[in-house]
Amino acid sequence: MNVYKQIAAEICNASHIVITSHKSADGDSVGCSLGLLHFIEKLGKKVLICHPDPAPDFLYWLDTSPILLMNEEPEQVEAAFQQADLIFCLDYNAVGRVGDMQALLESATCKKVMIDHHLDPEAFPDIIVSETTASSTSELIVDLIEGSGYDALLDDKIGTPLYLGILTDTGTFRFPSMKPRTHEVLAKLLAAGVQHHLVHEYLNDNNTVSRLRLQGYAMSEKLEIMEEYQVAIIPLSKEELAKYNYKKGDTDSLANHALSIRGMRVAIVFTERDGIMKISFRSKGEENAVNVLAAEHFSGGGHANAAGGMSELSVNDTLDKIRKLIPEYFSEVV
């Protein structure tokens, strides 16, 4: 039995299924969760999604009402974990990535299934699908549906959030993680009825005035270029975020904007939130991997060209630390 047929058998044998994903929700974590939920529902099974925190505002065009939030509905989330006889762990590879749900996940005695595409997965689940060459976890959910023999169930309700997950985790199809298989998956989603132009429209034509003003301020006033290393850095303090009525997700595209500057190889954006600096790293090329820097100095990690981390230092001290580390990790332009 292949692993996807095994997972499908577990779904069919379960009575109460819970889908989990990582804190700081993004397009892939929300997309793969909703796509899997709608697939399981079509199999006639009871399923709930439990996430640590809300999705960014720009994803609310999706119906996120099936998602229970630990930071808003802890009693309902706890009850879901207690009833669960099967738990899916989507788009994360370590129990520490689920924030305040960690204790619930660790204490759950039911079978757990990981489906993920990040490096170095922890061996806490019973079944592990870890495909680091996949573009996204949403792509792997399509593999699950197809590999388990239920591809006839794929429709636009299942496919739309999965298309979103692939779209966002590949940087709108620009990252090296886009492989021939990814294009095949996208074709299947379009054939299933996904209106791809509407996904792009809902995702990209969804700015607020305050979001655009914050991004304009960040690019015009806060952007720092280390020309000799072709690195762009943007630091934003909590006061600056508050001035522009920051909402979750408002700075998500800043690193890609900075990386789009002609000649830039690396972009680093960090914002002061919840008492720490949350850092996004983006880069181009295999020789400019940023996940090692994130892991070795900022308690983070991720993909070679897209990683995250955090710092408990002040804005200025974090900026100084990054400046000092850049020459150690990236070659000087001759």
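Start counting the sequence shown at 331; every next residue gets the next number (my numbering).
From the three backbone atoms N, C-alpha and C, an ideal C-beta is built for every residue, glycine too.
Keep in mind it's a predicted model, so treat the numbers as computed, not measured.
Element boundaries [alpha helix (DSSP H), containing residue i]
i           : result
residue 340 : 333-343
residue 714 : Because the chain spans 331 through 664 in this model, residue 714 falls outside it and cannot be assessed.
residue 457 : No alpha helix (DSSP H) holds residue 457; the beta strand (DSSP E) holding it covers 457-460.
residue 648 : 645-659
Environment of residue i [buried if 16+ CB atoms lie within 10 Å]
i           : result
residue 418 : buried
residue 611 : buried
residue 545 : buried
residue 504 : exposed
residue 442 : buried
residue 551 : exposed
residue 519 : buried
residue 345 : exposed
residue 352 : buried
residue 472 : buried
residue 395 : exposed
C-beta atoms of residue i and residue j nearer than 8 Å
i           : j           : result
residue 400 : residue 444 : no
residue 607 : residue 561 : no
residue 522 : residue 474 : no
residue 524 : residue 496 : no
residue 620 : residue 629 : no
residue 342 : residue 378 : no
residue 409 : residue 381 : no
residue 638 : residue 624 : yes
residue 591 : residue 641 : no
residue 634 : residue 616 : yes
residue 389 : residue 360 : yes
residue 618 : residue 595 : yes
residue 512 : residue 465 : yes
residue 365 : residue 455 : no
Endpoints, the beta strand (DSSP E) within which residue i is located
i           : result
residue 612 : 606-613
residue 641 : 636-641
residue 588 : Segment 584-589 is the alpha helix (DSSP H) holding residue 588; no beta strand (DSSP E) there.
residue 620 : Residue 620 -> no beta strand (DSSP E), and no H or E assigned at all.
residue 681 : This structure leaves residue 681 out entirely; the chain is present only between 331 and 664.
residue 350 : 346-351
residue 630 : Segment: none, residue 630 is in no beta strand (DSSP E) and carries neither H nor E.
From the options, residue whose alpha carbon lies closest to that of residue i
i           : options            : result
residue 332 : 458, 519, 523, 648 : 458
residue 384 : 350, 416, 371      : 350
residue 449 : 423, 363, 436, 442 : 423
residue 363 : 621, 348, 559      : 348
residue 367 : 642, 468, 534, 356 : 468
residue 502 : 476, 517, 534      : 534
residue 602 : 662, 584, 648      : 648
residue 420 : 512, 461, 653, 600 : 461
residue 447 : 490, 508, 570, 658 : 508
residue 567 : 600, 543, 653      : 600
residue 337 : 539, 636, 476      : 476
residue 486 : 664, 541, 526, 478 : 526
residue 589 : 334, 549, 577, 425 : 549
Residue i: CB within 7 Å of a non-hydrogen atom of the ligand COA
i           : result
residue 413 : This structure lacks the ligand COA, and indeed carries no ligand of any kind.
Chain D within 8 Å of residue i, Cβ atoms only
i           : result
residue 652 : Although the question refers to chain D, the structure presented lacks it and comprises just one protein chain.
Ranges of the alpha helix (DSSP H) found wholly within the region 365-420, counting only runs of at least 4 | Unbroken alpha helix (DSSP H) runs of no fewer than 4 residues, entirely contained in the region 365-420, are found at 404-413, following chain order.
Can you list the beta strand (DSSP E) stretches of 3 or more residues lying completely in the region 543-582, in chain order?
-> With a minimum length of 3 residues, the continuous beta strand (DSSP E) runs that stay inside the region 543-582 are 554-556, 561-566.
Which residue spans inside the region 462-510 form an unbroken alpha helix (DSSP H) run of at least 4?
-> For the region 462-510, whole alpha helix (DSSP H) runs of length 4 or above, ordered along the chain, are 467-477, 486-499.
Ordered list of beta strand (DSSP E) runs contained in the region 420-450, each at least 3 residues | Those beta strand (DSSP E) runs which fall completely within the region 420-450 and span 3+ residues are 441-446.
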